[in-house]
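The first sequence begins at 9 in this note's numbering and counts up one residue at a time.
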Amino acid sequence: MLDALQRQVLDQIRAYLAEHDIPEPREWRFAPVPGEGVWGFGLPLFPVAAAEVRAKGLRVPVPQRAQELAADLARQIQTLDGVQRAEAVRGYLNVYVDPHRFGQQVVDTILQQGPEFGRAPRRGQRLMVEFSQPNTHKAFHVGHLRNVILGESVCRILDAAGYDVVRANYLGDIGWHVIKWLWNYLTYHAGEEPPAEDKTVWISQLYIEANRRLKENPELEPQVRALFRRWEEQDPELVALWEKTRQWSIEGFEEIYRLLDVHFDRVYYESEMEEPGKALVEELIAKGIARDLRPEGPVIVPLDELLGLDKPTYRTYVVLRSDGTSLYATKDLPLAIQKFREYPDLVRSIYVIDVRQSLYMKQIFKTLELMGYEWADRLYHLAYELVLLPANLVREVVEVDLEAEAPAQEDSPKPQAKAASSREGAVLLDQLFREARQRARAIVDEKNPALPEEAKERVAWQVALGALKYSMLARENTRFFTFDWDQALDFNGNASPTIQYAHVRCASLLRKAGGVPEESVRPAHDLHPAEVALISRLAEFPGVVLRAAEEFKPLHITNAAFALARAFNDFYDRCPVLAADDPATRDFRLRLVAATKQALANALHLLGIEAPEVM
RNA sequence: GCCCCAGUAGCUCAAAGGACAGAGCAGCGGCCUUCUAAGCCGUCGGUUGCAGGUUCGAGUCCUGCCUGGGGCGCCA
């Protein structure tokens, strides 16, 4: 928001450097100026000084030269309109701006832009984000949650950064797990229908049951294999059942997506990729990219060999089983092609998939490159680490999903035997949601007993879901998330309720004031340090959004949102608004509060978290 | 054997090669006849896994180790 001023400062610096024959650094990056109650930006001059010393062979220590340059520049920049003060401090050029003048600008901008604040102009560039990718006929549990929450937030951030985002889902609607499920259904549950509620639970129970039966009676396996053959032959009756049961799963997923406030623009089905995939494998063989070892072996793509790499890098992978049945790789290749056929203008095709598939993703991308697809370099694997579970939860997950992602070792990282963790089936989503809601509800009852019942329920859900989402987003994508009730549902400190609460406080103030003064106000009072800090946090926000989009990191948004909430709470504590000393101060502060409320809401929106009016 | 990720305060985590490594939780001590205390203030807490190197400057980059996790031709 200080962009224009920063550009002017840079122009001055550039002119100075040119005049003194000093090489320009590759990149300029301003940092906030340190100190309480001041606002501005600083620039380290060490890189410039180092470059000059090197270029001219000076015998001056770099820090000393940096300080000299900073001092020289400070004198010039001091005179720029909008600069309150410029000074050289230990090699840094610090430029302070007038918080009265720019504070007014920041507040005006936010109030004028409203929900658009923090959003960049449209770029006219489209990208696709594929995420969630659940398997039908299986459970949806806490392990799958991180993907959905991360994917959704990244989409919102990219959209805010000006991209047109296509949200894609890819359903694992066929494979051994589906056939096992159908076998169990046909043999033991023929004709049954899932309950209207909890479809997913019912479906996952049948899946668990199928696995249990096969584990206890391995002699039944030929039945499953026979069923798989019927599927391969596209037995109409079986296909009809598959379609019907798949729909049950899909309805269950849609319910979960609705609860999470997630939606998709395009859904691909794994089953649709099978035939194109097999055809593609033949093409790969014909092109000499794949090697057909059938019937003794599978069809492989020997990437390292094709690329002439001695060191194992891309290695070799299998694209088709020796019996001609398909694998993930068989289907991922045509899927990538299909995406670009539908959306040839994608500037990026992003896959939100856990980090264990990094090598596999590289293999797929490289194969497409070898096939000559010019868009292969636009494919991007957005990797995230797994959700770990405390040891006493792990067994339950394995129970739920016998092909679980969770490491099933008793000594998995950080086992925590907390009472809250020992609940039965705590990892299933509906139970997770129920527990979260209950915990939030207990706090709402305690904090705000006067709230009407309906509002309490709504707030409890907003808080519960927000806490869950925030706890998963407020960490580096590449770090493990160890699920823990007390931590995921911690409502204090660096957590979403703190941010929501700040939003509520803003709302409350504005309600009591009876609205926001409409006219722009230039603060005339001495701005309190807490006010200046709050304003500077507000001004940072649009830049944070762009950075979060560049790096696909909602973490930057959580950091900014929490810092903003803290700055507001500090302001709230120290600066009376309704009872301000004079009407002008009150008006400015009310507008500042309204701007803060808007910024908090916009930040929460990017995280997929609701901003309540009351709590 | 090769590759990827992580290692920062007691715990969970931040920190775009830049100013004194910061938050939260936990602990201790304060602040509610004044806009919601889901808050604020203070305090305690650090050899950033180890050893070198590059740089004016390294938690961040490079090399080598250590520890933990993950991946590596018919799993998904």
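Ideal Cβ placement from N, Cα and C applies to all residues, glycine included.
Note that the C-beta distance between Pro142 and Gly111 is not below 8 Å.
The alpha-carbon of Ala344 is positioned some 38 Å away from that of Leu497.
Cβ neighbours of Leu612 within its own chain (closer than 6 Å, five residues either side excluded): Ala619. Under the three-state reduction of DSSP output, Thr144 falls in the coil class, being neither helix nor strand. Excluding residues up to 5 positions away in sequence, His536, Ala538 lie with their Cβ nearer than 7 Å to the Cβ of Arg582 in the same chain. Arg175 has Val137 as its beta-bridge partners, per DSSP. In this chain, the beta strand (DSSP E) harbouring Tyr392 covers 387-392.
Taking Leu214 as the centre and dropping the five residues before and after it, the same chain places the C-beta of Trp189, Asn192, Tyr193, His197 closer than 7 Å to its C-beta, in chain order. Only exposed fits Arg266, as fewer than 16 other CB atoms lie within 10 angstroms of its CB. Contact check for Phe348 against Leu341 fails: the beta carbons are separated by 8 Å or more. The Cβ atoms of Ile358 and Val553 lie no closer than 8 Å to each other. Nearest to Pro303 by alpha-carbon distance, out of Leu268, Leu314, Thr333, Arg323, is Thr333. With fewer than 16 other CB atoms across the displayed protein chains lying within 10 angstroms of its CB, Leu367 is exposed. Excluding the 5 residues flanking it on each side, Pro52 has same chain C-beta neighbours closer than 7 Å at Gly99, Tyr100, in chain order. Just so you know, the alpha carbons of Ala575 and Leu608 end up roughly 11 Å apart. Across the structure, Pro306 and Arg329 are spaced so that their CA atoms are roughly 5 Å apart. Taking C-beta atoms as the reference points, Thr195 and Phe148 fail to come closer than 8 Å. In the structure shown, Ser528 adopts coil according to DSSP, grouped into three states. Taking every protein chain shown into account, the CB of Thr593 has 16 or more other CB atoms within 10 angstroms, so this residue is buried. Counting of Cβ neighbours within 10 angstroms places Asn500 among the exposed residues, the total staying below 16. For the pair of segments examined, the stretch 15-30 was found to touch the stretch 48-66: the number of CB pairs separated by less than 8 Å reaches three. Closest in alpha carbon position to Arg83, among Gln72, Tyr104, Pro71, Gly65, is Tyr104.
At the C-beta level, Val395 and Phe489 come within 8 Å of one another. Remark: C-beta atoms of Gly260 and Ile211 approach each other more closely than 8 Å.
Restricting attention to alpha helix (DSSP H) runs no shorter than 4 residues, the stretch 345-391 encloses them at 366-378, ordered along the chain. For Ser330, the three-state secondary structure derived from DSSP is coil. Contact annotation, Leu598 with Pro525: C-beta distance approximately 6 Å; criterion of less than 8 Å satisfied. Comparing alpha-carbon positions, the option among Glu217, Gly183, Gly159, Arg323 lying closest to Met281 turns out to be Gly183. Taking 4 residues as the shortest admissible run, the stretch 553-602 contains the following complete alpha helix (DSSP H) segments, listed from N- to C-terminal end: 562-582. Take the alpha-carbon of Pro42 and the one of Gln75: they are about 17 Å apart.
Annotation: the continuous alpha helix (DSSP H) that includes Tyr24 extends over 11-27.
Ala39 has Gly50 as its beta-bridge partners, per DSSP. When DSSP assignments are scanned along the stretch 471-509, the uninterrupted stretches of alpha helix (DSSP H) that are 4 or more residues long and fall wholly within it turn out to be 493-496. When beta bridges are read from the DSSP output, Asn102 appears opposite Gly50, Glu95. Residue burial is scored here from C-beta neighbours: Pro107 has at least 16 other C-beta atoms within 10 angstroms and is therefore classed as buried.
By the C-beta density criterion, Leu473 is buried, having at least 16 other C-beta atoms within 10 angstroms.
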